[in-house]
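Notes for the one structure printed next.
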Amino acid sequence: MTDTGFFGRLNWDAFPITGLIQNPNANEIVANSAAAIVIIGVIVVVGSLTWFRLWGPLWRDWLTSADHKKIGIMYIVFAIVMLARGVLEGVVMRAQQAVGPGDGFLAAEHFAELFSTHGTIMVFFVAVPFVFGIANYLIPLMIGARDVAFPVMNQISLGLTVSAGMMLMVSLVVGNFSTGGWTAYPPYTGAAFNPGVGPDYWIWAIVVSGIGTTLTGINFAVTIYKLRAPGMKFMRLPMYCWTIISSSILIIFAMPPLGVAALMLAADRYLDFHFFTNDLGGNMMNYANLFWLFGHPEVYLLVLPAYGIYSEVFATFSAKRLYGYNSLVIATMCIAVLSFTVWLHHFFTMGQSALINAVFGIATMLIAIPTGVKAYDWMATLYRGRIRFSVPMLYGLSFLMLFVIGGLSGVILANPTVDYQVHNTLFLVAHFHNVLLPGVLFGLLAGYNYWFPKAFGFRLNEYWGRITVALWTVGFMLTFLPLYFVGLMGMPRRSFSWEDPSFHPYMIVAVIGALVILSALLSVIVQLWVSIRDREKTRVPVGDPWDARTLEWSIPSPPPPYNFAVIPRVTDRDNFAAAKERGEAYPTPEEYEDISMPRNTGIGFTLCVLSGVWMFALVWWIWWLAVLVTALMLLSFILWTFRLDTEQVIPAEEVRKQHEAWLDLVRSATPVDRDHEIAPENRGLARPDLEAVT
Amino acid sequence: MKRAPTHSYPGLNLGRRHASADQAAEVVTFGFWVFLMSDLVYFGLMFAIYITMIDAQAGGPGPHELFDLYSIFAQTLILLTSSLTVGLAMLALKYNLPRWRIVFWFCVTLVLGLCFLVLEIRDFMAMAEQGGIPQRSGFLSAFYGLVPLHGLHVAAGCVWLIVLGIQLRMFGLTDLLMSRVVRLALFWHFLDLIWIGIITIVYFGGLTYG
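Next up, the structure:
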């Protein structure tokens, strides 16, 4: 570790092209194509930014912005880019296993890298930033606030998450990623068995994004606790806000175990400590416990916000109040608490006593109770509602049916005796994809379709939206339901080759499903493209295209930087729906006040770049650079604290002018009923529906 | 956001007409409490790891050979006194005493913090002389994962004292800086709390069960 040169242990062998020249085969071609996609992607982005002269606007309006809405959108863009990579990796893996008995076209190491990056990316750099992006955008709008509690910290969180995600992209071009799975269990990932750079990429990406995630959790929790509009009592919060509170609590308590575990692994690898090594008293069970002490709450911190999205979607598109609000709140908090009591079910087979396994098995099954309450509440919301089968609702229905199957397979796995049979098989892979795709991903896509007109002022294309839903649903079922069967037949997960010919038909179906999922991803992009092309026909400047119920729909689309010209007074749950029923939906304010908003700052971007360089230096043992960048990060942060004038004032007169222009627009717009929801005349003013069912 | 506060933020002299400043101070301070809670989980886990690894000495030196309770006693006195001096800075803020009083108590706290760090590093060096280095055993890895983590926090607190002292000299007692004083004081008391855990679990616990 000491005899390293100016560039540490970085040399030409680290670049995949060297491998291709020395040994041209299918495996190297796949690796080089992936590296080429990254490089071409960077060239295209940089080139088009330069060609269209967008560097200035990008810097002024986006990268330095502390506006929660812009930060939210950047999170989502980042998540979708990473989603593309994660899906492609999934397709390659399914293709490898579909080749048939034998070794396929990938090398074993390469396959191991694929499932490691696929898991790491999908959890930390797709699901988390997508959830945070939507929450960032919505939370202040839903509670009637002008921004999150700590706008600049929000920007820093985004910077850290993105720089950590970029490390995974860099690992495609320089060196290799870990082969230890997304869980990176030592001692396999320790220095003795894995001296290369792979686990180091994993460690630093996890540590840095973990810091960003923790800060976001603190930010959301404080925002919801402290910045609610007057009258917005806890039991008047939209359901989505409740799920974000629970997620934030999970983040605040569950991210530290991950950080601790990753840093201890780093100490083992870099400084020759003995936390998890095989010799001198190291104990890998500490790692397993720490990792899953984080890992299980993590899945709930991802799925709870999706539950929140579904709650909003079911209520709006059934034109009804959400059924069983109180029970949903209680169920959400129960899930949040119970999620900390079940981590051991991830390693039933690792040598605990039968009693301990039984306790954790029962605790795991208990989670099905509050989740079941939720499923029934959603169905009761639909019951006798005036349902519109819009895109978010279709995602919701697909979720209701598929997610219950996934949840039940989880209850099966919660039984330790069953788990002994199917652990480490594709049955488990089928289970968690069955909860993560219909649960988290469909929820996020439903939210994306639902709130897109709020963020950009025009609706997404309904036709392509429906095709996308169908492709995701069918693709999911074809890909993952067969894996239940091969799992029960005994096919281990993460195997790059297999021998039993009876697996083959299932593997063929699964790869076809993977291609359908790929086309679903393309369909998402086509939908966006078509929607942007036809945007003049779908504009909703008044702001309420779906006859929705919560505060964010009571303001213009897209909202002004300060969100609310005048902070609303909340008198009801579903305040906007109640105001519409009373005919007081768009009040004319008596007076306007100066609004102070956070100024732009470059600190988030600075820390993003510096932390990226810092991670790279640590991975490749370029010590002088690591020390230098550490000093620069500290210095830039300290210097930033010397800037005290962080607010700028928007004068009341300007707010009045903008708001009155919008109110004129509201008065001149024609209200549309729900039968014309997707027609061009829907400008975002809803006609009161038939008798609202409560 | 506009809810009128019923009373001003305790311990800060933000003045009667500073309702929004009080609100801002409350949000920021609450956020800092939440951060400390998360940080506390870090320490809690490191304590747990230490306890599980107390027997993993792998034939290397253990607590009885390595721990010097006289030095720990001195460090405890120094750190607890520094908590008192940070408290005196807070009282100076609360009772509108001149600004130099706050900076003065910051300086005293800084000196005490640095003394603590010097003693702690001396301890580590003495341990290393007897073979007590983190590479020797799981037990020592756990020790060096926990106690220097606290030391690192103290060092960060010292940097913060210097930076905030300079800012107080430069800008005077603005609302923002006053709320930073509150947060720094919270942080410093938090370090004391962790230290009490360390002497109880790491040192006394180690000597009792190790």
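Going down the list, the protein sequences come from chains A and B. Using our numbering, you'd call the opening residue of the first sequence number 1 and step up by one each time. Using our numbering, you'd call the opening residue of the second sequence number 1001 and step up by one each time. Backbone N, C-alpha and C fix where the C-beta goes; we use that ideal spot for every residue, glycine too.
Only counting the same chain, and skipping five residues up and downstream in sequence, which positions put a Cβ closer than 6 Å to that of residue i?
i, result
"valine 693 of chain A", "Below a pLDDT of 50, predicted positions are generally treated as unreliable, and valine 693 of chain A, at 46, falls in that range; no measurement from the model is reported."
"leucine 106 of chain A", "Asn27 and Gln96"
"serine 596 of chain A", "Glu647 and Val649"
"lysine 1002 of chain B", "Summary for lysine 1002 of chain B: the model assigns pLDDT 43, below 50, so the residue's position carries little reliability; its value from the coordinates is reported in the next sentence. If we look at lysine 1002 of chain B and ignore the five residues flanking it on each side, it has no Cβ neighbours."
"glycine 19 of chain A", "Glu28"
"tyrosine 1144 of chain B", "Pro1134"
"alanine 261 of chain A", "Tyr287, Leu290 and Phe291"
"glycine 210 of chain A", "Met255, Leu258 and Gly259"
"aspartate 147 of chain A", "His68 and Pro140"
"valine 636 of chain A", "Just to set this straight, residue 636 of chain A is serine in the shown sequence, not valine. Result list for serine 636 of chain A: Thr606, in chain order."
"isoleucine 1194 of chain B", "Phe1043 and His1150"
"glycine 308 of chain A", "Met239, Tyr240 and Thr243"
"leucine 1040 of chain B", "none"
Hey, out of the options, whose CA is closest to residue i's CA?
i, options, result
"alanine 1058 of chain B", "B:Gly1157, B:Gly1172, B:Gly1132 and B:Ala1155", "B:Gly1132"
"alanine 704 of chain A", "A:Trp529, A:Arg643, A:Pro453 and A:Phe399", "One cannot answer for residue 704 of chain A here, as it falls past the ends of chain A, which runs 1 to 694."
"tryptophan 472 of chain A", "A:Ala510, A:Tyr448 and A:Leu521", "A:Leu521"
"serine 668 of chain A", "A:Asp675, A:Gly602 and A:Gly684", "A:Gly684"
"leucine 263 of chain A", "A:Val208, A:Ser247, A:Tyr310 and A:Thr214", "A:Val208"
"valine 156 of chain A", "A:Ala112, A:Met633, A:Ala14 and A:Trp621", "At residue 156 of chain A the sequence reads isoleucine, which differs from the valine that was named. Measuring from the Cα of isoleucine 156 of chain A, the nearest candidate turns out to be A:Met633."
"isoleucine 699 of chain A", "A:Ile206, A:Ile37, A:Pro256 and A:Pro187", "No information on residue 699 of chain A is available, as it lies outside the stretch 1 to 694 that chain A covers here."
"isoleucine 467 of chain A", "A:Ser390, A:Leu158 and A:Thr601", "A:Ser390"
"glutamate 312 of chain A", "A:Gln352, A:Thr213, A:Leu436 and A:Asp377", "A:Asp377"
"leucine 460 of chain A", "A:Val516, A:Trp546 and A:Met491", "A:Trp546"
"phenylalanine 456 of chain A", "A:Val38, A:Lys70 and A:Phe427", "A:Lys70"
"alanine 1155 of chain B", "B:Gly1087, B:Leu1119 and B:Gln1130", "B:Leu1119"
"aspartate 1055 of chain B", "A:Asn563, A:Asp673, A:Thr425 and A:Gly282", "A:Gly282"
"glycine 439 of chain A", "A:Gly5, A:Asn154, A:Val511 and A:Lys374", "A:Lys374"
"serine 1081 of chain B", "B:Ile1102, B:Cys1115, B:His1064 and B:Tyr1070", "The question names serine, but residue 1081 of chain B is threonine in the sequence shown. It is B:Cys1115 whose Cα lies nearest to the Cα of threonine 1081 of chain B."
"valine 474 of chain A", "A:Tyr325, A:Leu445, A:Asp13 and A:Gly513", "A:Gly513"
"valine 128 of chain A", "A:Gly443, A:Arg569, A:Asp673 and A:Ala14", "A:Gly443"
"isoleucine 567 of chain A", "A:Gly583, A:Ala578 and A:Pro587", "A:Pro587"
Ordered along the chain, which non-local residues of its own chain (more than five positions away) have a Cβ less than 8 Å from that of residue i?
i, result
"valine 123 of chain A", "Trp182, Glu298 and Leu302"
"leucine 1164 of chain B", "Phe1106, Leu1177, Arg1180, Val1181 and Leu1184"
"arginine 9 of chain A", "Val197, Trp620 and Trp621"
"leucine 1146 of chain B", "Phe1043, Met1046, Phe1047, Ile1049, Tyr1050, Ile1198 and Val1202"
"proline 1005 of chain B", "Caution applies to proline 1005 of chain B, whose pLDDT of 44 falls short of 50 and renders its modelled position unreliable; the value that the coordinates give is listed next. Result list for proline 1005 of chain B: Ala1019, Asp1022, Gln1023 and Glu1026, in chain order."
"phenylalanine 1171 of chain B", "Leu1177"
What residues in its chain sit with their C-beta under 7 Å from that of residue i, if we drop five residues either side in the sequence?
i, result
"glycine 407 of chain A", "Ala368, Thr371 and Val435"
"serine 557 of chain A", "Pro453, Lys454, Gly457, Val540, Pro541, Gly543 and Gly684"
"glycine 1151 of chain B", "Leu1117 and Glu1120"
"glycine 100 of chain A", "His504"
"leucine 138 of chain A", "Tyr240, Trp451 and Glu552"
"leucine 1066 of chain B", "Met1127, Gln1130 and Gly1132"
"phenylalanine 485 of chain A", "Tyr506"
Residue i touches chain C at which residues, Cβ-Cβ below 9 Å?
i, result
"phenylalanine 1035 of chain B", "Among the protein chains of the structure shown, namely A and B, there is no chain C."
- Query: When Cβ atoms are compared, which residues of the region 1039-1055 of chain B fall closer than 7 Å to chain A?
  - Reply: Taking a C-beta cut-off of 7 Å against chain A, the contacting residues of the region 1039-1055 of chain B are Val1041, Tyr1042, Leu1045, Met1046, Ile1049, Thr1052 and Met1053, listed in chain order.
- Query: Residues in the region 243-257 of chain A with C-beta within 8 Å of chain B's C-beta atoms, listed in sequence order?
  - Reply: Contacts with chain B (Cβ-Cβ distance below 8 Å) from the region 243-257 of chain A involve Ile252, Phe253, Met255, Pro256 and Pro257, listed in chain order.
- Which full runs of the beta strand (DSSP E) of 3+ residues lie inside the region 12-68 of chain A, going along the chain? As far as the region 12-68 of chain A is concerned, it has no whole beta strand (DSSP E) run of at least 3 residues.
- Task: Could you say if the region 533-547 of chain A and the region 668-680 of chain A meet the contact criterion of at least three C-beta pairs nearer than 8 Å?
- Result: Taking 8 Å as the limit for Cβ pairs, the verdict is that the region 668-680 of chain A does touch the region 533-547 of chain A.
- Item | Continuous alpha helix (DSSP H) assignments of at least 4 residues falling wholly in the region 559-641 of chain A | Within the region 559-641 of chain A, the complete alpha helix (DSSP H) runs of at least 4 residues are 575-582, 603-619 and 623-641.
- Stretch-stretch touch, CB-based, cutoff 8 Å, three pairs: the region 216-233 of chain A with the region 135-150 of chain A: Yes: the two stretches touch, three or more of their Cβ pairs being nearer than 8 Å.
- Task: Answer yes if the region 385-405 of chain A comes into contact with the region 314-333 of chain A, meaning at least three C-beta pairs across the two stretches below 8 Å, and no otherwise.
- Result: Result yes; three or more Cβ-Cβ pairs closer than 8 Å.
- Does the region 74-89 of chain A come close enough to the region 484-503 of chain A that 3 or more CB-CB pairs lie under 8 Å? No, because fewer than three Cβ pairs between the region 484-503 of chain A and the region 74-89 of chain A fall closer than 8 Å, the two stretches do not touch.
- Message: If contact is defined by three or more beta carbon pairs under 8 Å, each pair taking one atom from either stretch, is the region 606-615 of chain A in contact with the region 162-172 of chain A?
- Response: Three or more Cβ pairs closer than 8 Å define a contact, and the region 162-172 of chain A meets that threshold against the region 606-615 of chain A.
- Item | Within 9 Å of chain A by C-beta, residues of the region 1112-1138 of chain B in sequence order | Taking 9 Å as the Cβ-Cβ cut-off against chain A, the residues of the region 1112-1138 of chain B that qualify are Pro1134, Gln1135, Arg1136, Ser1137 and Gly1138.
- Message: Below 8 Å, how does it come out for the region 1059-1076 of chain B and the region 1092-1100 of chain B: are there three or more Cβ pairs, yes or no?
- Response: Touching, no, given that fewer than three Cβ pairs across the two stretches are closer than 8 Å.
- Message: Just to confirm the assignment: which complete alpha helix (DSSP H) runs, minimum length 4, are found wholly within the region 483-543 of chain A?
- Response: Listed in chain order, the complete alpha helix (DSSP H) runs (minimum 4 residues) inside the region 483-543 of chain A are 504-533.
- Query: In chain order, which alpha helix (DSSP H) runs of at least 4 residues are fully inside the region 299-357 of chain A?
  - Reply: The DSSP assignment places 325-338 as complete runs of the alpha helix (DSSP H) inside the region 299-357 of chain A, in order along the chain (cut-off: 4 residues).
- Message: Using a Cβ-Cβ cutoff of 7 Å, what residues of the region 274-301 of chain A are near chain B? List them in chain order.
- Response: Of all residues in the region 274-301 of chain A, His274, Phe275, Leu280, Gly281, Gly282, Asn283, Asn286 and Leu290 have a Cβ within less than 7 Å of some Cβ in chain B.
- Task: Could you name the residues of the region 641-659 of chain A whose beta carbon sits closer than 8 Å to any beta carbon of chain B, in the order they occur along the chain?
- Result: Answer set for the region 641-659 of chain A: Thr641, Phe642 and Leu644.
- Item | 3 or more residues per run - each beta strand (DSSP E) lying fully within the region 190-229 of chain A | Assignment of beta strand (DSSP E) within the region 190-229 of chain A, counting only whole runs of 3 or more residues, yields no such run.
- Item | Residues of the region 191-214 of chain A with Cβ closer than 8 Å to any Cβ of chain B, in chain order | Cβ contacts with chain B: Thr214.
- Task: Can you give me, in chain order, the residues of the region 1159-1185 of chain B that have a beta carbon less than 7 Å from any beta carbon in chain A?
- Result: From the region 1159-1185 of chain B, only Val1163, Gln1167, Phe1171, Thr1174 and Leu1176 have a Cβ closer than 7 Å to chain A.
- Within the region 105-186 of chain A, ranges of the alpha helix (DSSP H) (whole runs, at least 4 residues): At a cut-off of 4 residues, the continuous stretches assigned as alpha helix (DSSP H) that sit fully inside the region 105-186 of chain A are 108-120, 128-143 and 151-173.
- Message: Using a Cβ-Cβ cutoff of 8 Å, what residues of the region 378-405 of chain A are near chain B? List them in chain order.
- Response: Within the region 378-405 of chain A, contact with chain B at the beta-carbon level (separation under 8 Å) is assigned to no residue.
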